[in-house]
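What follows is one structure encoded as structure tokens, with my remarks underneath.
2 protein chains.
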Amino acid sequence: MNDPARTGRTNEPAFDAAFRAQLHSLFAWRRDVRRFRPDPLGEGIVERLVQAASLAPAVGLIQPWRFVTVDSSVRRGAIIASFKRMAIDTLARNVRTDLGTVLHLELAALREAPVHLAAFCDLSTTEVSPTMLEVATAMAVNTLWLDAHAYGIGVGWISMLEPDALTQALDVPKDWRYVGYFCIGYPADEPTEVQHEFETQEETAAQILRR
Amino acid sequence: MNDPARTGRTNEPAFDAAFRAQLHSLFAWRRDVRRFRPDPLGEGIVERLVQAASLAPAVGLIQPWRFVTVDSSVRRGAIIASFKRMAIDTLARNVRTDLGTVLHLELAALREAPVHLAAFCDLSTTEVSPTMLEVATAMAVNTLWLDAHAYGIGVGWISMLEPDALTQALDVPKDWRYVGYFCIGYPADEPTEVQHEFETQEETAAQILRR
Numbered sequence: 002m003n004d005p006a007r008t009g010r011t012n013e014p015a016f017d018a019a020f021r022a023q024l025h026s027l028f029a030w031r032r033d034v035r036r037f038r039p040d041p042l043g044e045g046i047v048e049r050l051v052q053a054a055s056l057a058p059a060v061g062l063i064q065p066w067r068f069v070t071v072d073s074s075v076r077r078g079a080i081i082a083s084f085k086r087m088a089i090d091t092l093a094r095n096v097r098t099d100l101g102t103v104l105h106l107e108l109a110a111l112r113e114a115p116v117h118l119a120a121f122c123d124l125s126t127t128e129v130s131p132t133m134l135e136v137a138t139a140m141a142v143n144t145l146w147l148d149a150h151a152y153g154i155g156v157g158w159i160s161m162l163e164p165d166a167l168t169q170a171l172d173v174p175k176d177w178r179y180v181g182y183f184c185i186g187y188p189a190d191e192p193t194e195v196q197h198e199f200e201t202q203e204e205t206a207a208q209i210l211r212r
Numbered sequence: 002m003n004d005p006a007r008t009g010r011t012n013e014p015a016f017d018a019a020f021r022a023q024l025h026s027l028f029a030w031r032r033d034v035r036r037f038r039p040d041p042l043g044e045g046i047v048e049r050l051v052q053a054a055s056l057a058p059a060v061g062l063i064q065p066w067r068f069v070t071v072d073s074s075v076r077r078g079a080i081i082a083s084f085k086r087m088a089i090d091t092l093a094r095n096v097r098t099d100l101g102t103v104l105h106l107e108l109a110a111l112r113e114a115p116v117h118l119a120a121f122c123d124l125s126t127t128e129v130s131p132t133m134l135e136v137a138t139a140m141a142v143n144t145l146w147l148d149a150h151a152y153g154i155g156v157g158w159i160s161m162l163e164p165d166a167l168t169q170a171l172d173v174p175k176d177w178r179y180v181g182y183f184c185i186g187y188p189a190d191e192p193t194e195v196q197h198e199f200e201t202q203e204e205t206a207a208q209i210l211r212r
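Keeping their order, the protein sequence lines are chains A and F. For the first sequence, position 3 (counting from the first letter as 1) is numbered 4 according to my numbering, and the numbering increases by one without interruption. For the second sequence, position 208 (counting from the first letter as 1) is numbered 209 according to my numbering, and the numbering increases by one without interruption.
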């Protein structure tokens, strides 16, 4: 694929083996950060991350993603209240033994992270299915997450939020559908090992269904 | 973030400015490929792409994504028939002038791409909301797409498919929800320019809603 006869015809950059190895390392070491240092992100960093996110795929380049930063302590309080309601509900009916730890860490993230970023997709683009709009938005968040990790910035995904309460707390346009809520900042903790072992991944890879 | 006093405590790799610049270039040049060369991908390449995809975020590392490769000509025929039905429907009620071109190119992709890959999420993991499972799966596809592009392999997203017809044609477990359908292979065409201009992206970035 690095054949200059092909890539030489355009300005398209070629990516070499060294870059691909680093890219794999980025995929493997990217993690869900739960403990954040209180230090604010530098000026313009969130904007730059959203700019990278906006390079994600979307049919017709429609960019259906909408990002909201949440700074107001009143709104953050409403988000944390929603988290606690849902966490209590979930704990009450769940058997997963590590769930308490996960929720404890997510609450710490909500309290400590300097940046709260909510992702929505704009459903007013009626010519594309809602699923595609949501998928494109998720891809944009993934791009943002990878970009952040390359800069040493951590992202944590909050799993326990009520979409309706959140949409109301953030007072967003009515056509926006909630996709996810993310805490962003510099990690306070250190990863001790790559989270995904390739042995496990190879088992997953072997599970491709052939049709 | 490259402070050795921090990163030196673990094996976590640090990413430098050169890597980050290449990563941005990867984001910017990744595109939706529609015309494919008929050459098959090498042995094991799809498996390796799915392995990279499986490094994507998912709450509790549950890996809800399920990938299906479609080789059977009968099943590909059913997919193309579904595409045509939905395309005709959409064209009949749509005003977007470039839609005919988009559909023509997607049909070419379906006919020419050596690999068809369908992505589903497994809803049988009931402790996580369906939206989160879908979002995690979309992130996995985005990771796969970026990895493919780094290897000179193109991915094209097919926008016009009926989820029910597709799920039936591929005979997947009933708990699997359709997330997307992708054509994969070596691009037959050349990008003439980066698709996303940063000027445009800056406008998007400026649209972050503050709350």
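Ideal Cβ positions, reconstructed from N, Cα and C, are used throughout, including at glycine.
Cross-chain neighbours of A57/A in chain F, by beta carbon under 7 Å: The sequence position of residue 57/A within the first sequence is 56, counting from 1. The contacting residues are N143.
Inter-stretch contact at 8 Å, needing at least 3 Cβ pairs: the stretch 111-131 of chain A / the stretch 114-121 of chain F: no
Residue burial classification, E191/A (beta-carbon count within 10 angstroms, cutoff 16): Taking the first residue of the first sequence as 1, we reach residue 191/A at position 190. Per the 10 Å Cβ criterion, exposed.
Proximity winner among R67/A, A22/A and Q23/A, relative to T138/A (alpha-carbon distances): Sequence index remark: in the first sequence, residue 138/A carries index 137 (1-based). Taking only the C-alpha atoms, the option nearest T138/A is R67/A.
Distance between D172/A and E44/A (C-alpha atoms, nearest Å): Stepping through the first sequence from its first residue, residue 44/A is reached at position 43. Stepping through the first sequence from its first residue, residue 172/A is reached at position 171. Using only the alpha carbons, I get a separation of about 25 Å.
Q208/F versus V51/A: straight-line alpha-carbon distance, rounded: Position 207 of the second sequence, counted from the first residue, corresponds to residue 208/F. Position 50 of the first sequence, counted from the first residue, corresponds to residue 51/A. Going by the C-alpha atoms only, they are around 10 Å apart.
D17/F burial status per 10 Å Cβ neighbour count (16 or more: buried): The residue you call residue 17/F lines up with position 16 of the second sequence. By the 10 Å Cβ count, D17/F comes out exposed.
DSSP three-state assignment for A22/F, whether helix, strand or coil: Against the second sequence, residue 22/F aligns to sequence position 21. Helix, per DSSP.
Closer than 9 Å to chain D by CB, G101/A: The structure shown contains no chain D; the protein chains it does contain are A and F.
Beta bridge counterpart(s) of W66/F as assigned by DSSP: Counting from 1 along the second sequence, the entry for residue 66/F is found at position 65. In the DSSP output, where bridge partners are listed per residue, W66/F has C122/F.
One or two residues paired with D33/F in a DSSP bridge: Taking the second sequence and counting its residues from 1, one reaches residue 33/F at position 32. V156/F.
Residue-chain proximity (A93/A, chain F), Cβ-Cβ < 9 Å: The sequence position of residue 93/A within the first sequence is 92, counting from 1. No, A93/A lies away from the interface with chain F (no Cβ there is under 9 Å from its Cβ).
Buried or exposed (CB count within 10 angstroms, at least 16 for buried), F186/A: One-based indexing of the first sequence puts residue 186/A at position 185. Checking the displayed sequence, the identity of residue 186/A turns out to be Gly instead of Phe. With 16 or more Cβ atoms within 10 Å of its Cβ, G186/A is classed as buried.
Best match in I63/A, V142/A and E107/A for proximity to V34/A [C-alpha to C-alpha]: For this step, residue 34/A is matched to residue 33 along the first sequence. Residue E107/A is the option with its Cα nearest to V34/A.
CB contact check: P164/F to chain A, cutoff 9 Å: On the second sequence, residue 164/F is found 163 positions in, with the first residue counted as 1. Cβ-Cβ to chain A under 9 Å: yes for P164/F.
Three-state secondary structure (DSSP) of I80/F: Here the question's residue 80/F lines up with position 79 in the second sequence. Looking at I80/F - three-state DSSP - the assignment turns out to be helix.
Under 7 Å from the C-beta of P14/A: neighbouring residues of chain F: Looking up residue 14/A in the first sequence gives position 13. Near P14/A (Cβ distances below 7 Å), the residues of chain F are S26 and W30.
Proximal residues to A71/A (C-beta, below 7 Å), its chain only, five neighbours per side dropped: Translated into positions along the first sequence, residue 71/A becomes position 70. For the sequence presented, residue 71/A should be read as Val rather than Ala. Within the same chain, V71/A has close Cβ partners R77, I80, H117, A119 and L171.
C-beta neighbour in chain F for Q23/A, strict 9 Å: Locating residue 23/A in the first sequence gives position 22, counting from the first residue. Chain F contact via Cβ: present.
Range of the contiguous beta strand (DSSP E) that encloses R178/F: Residue mapping note: residue 178/F aligns to position 177 of the second sequence, counting from 1. Element bounds for R178/F: W177 to G186.
Rounded C-alpha distance that separates A151/F from D165/A: By 1-based counting over the second sequence, the position of residue 151/F is 150. By 1-based counting over the first sequence, the position of residue 165/A is 164. Going from the Cα of A151/F to the Cα of D165/A covers about 39 Å.
Between the CA atoms of T132/A and I154/F - distance to the nearest angstrom: Here residue 154/F refers to the residue found at position 153 when the second sequence is read from its first residue. Here residue 132/A refers to the residue found at position 131 when the first sequence is read from its first residue. Whole-angstrom Cα-Cα distance: 25 Å.
Partner residues on chain F for T70/A, Cβ-Cβ distance less than 9 Å: Locating residue 70/A in the first sequence gives position 69, where the first residue counts as 1. Those within 9 Å of T70/A in chain F are I209, L210, R211 and R212.
Limits of the alpha helix (DSSP H) - the one that T132/F falls within: The residue given as residue 132/F occupies position 131 in the second sequence. Residues P131 to A151.
DSSP state of R49/F mapped onto helix, strand, coil: Reading the second sequence from its first residue, position 48 is the one you call residue 49/F. Correct three-state label for R49/F: helix.
Residue-level contact to chain A via CB, A88/F, 9 Å cutoff: Here the question's residue 88/F lines up with position 87 in the second sequence. Answer no: the Cβ-Cβ gap between A88/F and chain A never drops below 9 Å.
Host alpha helix (DSSP H) of T168/F (start-end): Indexing the second sequence from 1 puts residue 168/F at position 167. Here the alpha helix (DSSP H) through T168/F covers P164 to L171.
CB contact below 9 Å: H105/F versus chain A: Here residue 105/F is taken as the residue at index 104 of the second sequence, counted from 1. Taking Cβ atoms only, chain A never reaches closer than 9 Å to H105/F, which makes this a no.
Cα-Cα separation, M2/A to P65/A: To locate residue 2/A, count along the first sequence from 1; it is residue 1. To locate residue 65/A, count along the first sequence from 1; it is residue 64. Confidence at M2/A is low in this model, with a pLDDT of 44, below 50, so its placement is unreliable and no value can be given for it.
Extent of the continuous alpha helix (DSSP H) run through L106/A: If you number the first sequence from 1, residue 106/A lands on position 105. That run of the alpha helix (DSSP H) goes L100 to E113.
Under 7 Å by beta carbon: chain F residues contacting S83/A: Start at 1 with the first residue of the first sequence, and residue 83/A comes out as number 82. What S83/A touches in chain F: nothing, since even the nearest Cβ is about 13 Å away.
Proximity to E128/F [Cα-Cα], best of V60/F, Y179/F and M87/F: Indexing the second sequence from 1 puts residue 128/F at position 127. Per the Cα distances, V60/F.
Per-residue DSSP class, three states only, for R86/F: Here residue 86/F refers to the residue found at position 85 of the second sequence. The answer is helix: DSSP assigns R86/F an H, G or I state.
Local conformation of V60/A per DSSP, three classes: In the first sequence, the residue the question calls residue 60/A occupies position 59. V60/A falls in the helix class under three-state DSSP.
6 Å CB neighbourhood of R62/A in its chain, flanking five on each side removed: By 1-based counting over the first sequence, the position of residue 62/A is 61. The question names Arg, but residue 62/A in the sequence shown is Leu. Contacts found: none.
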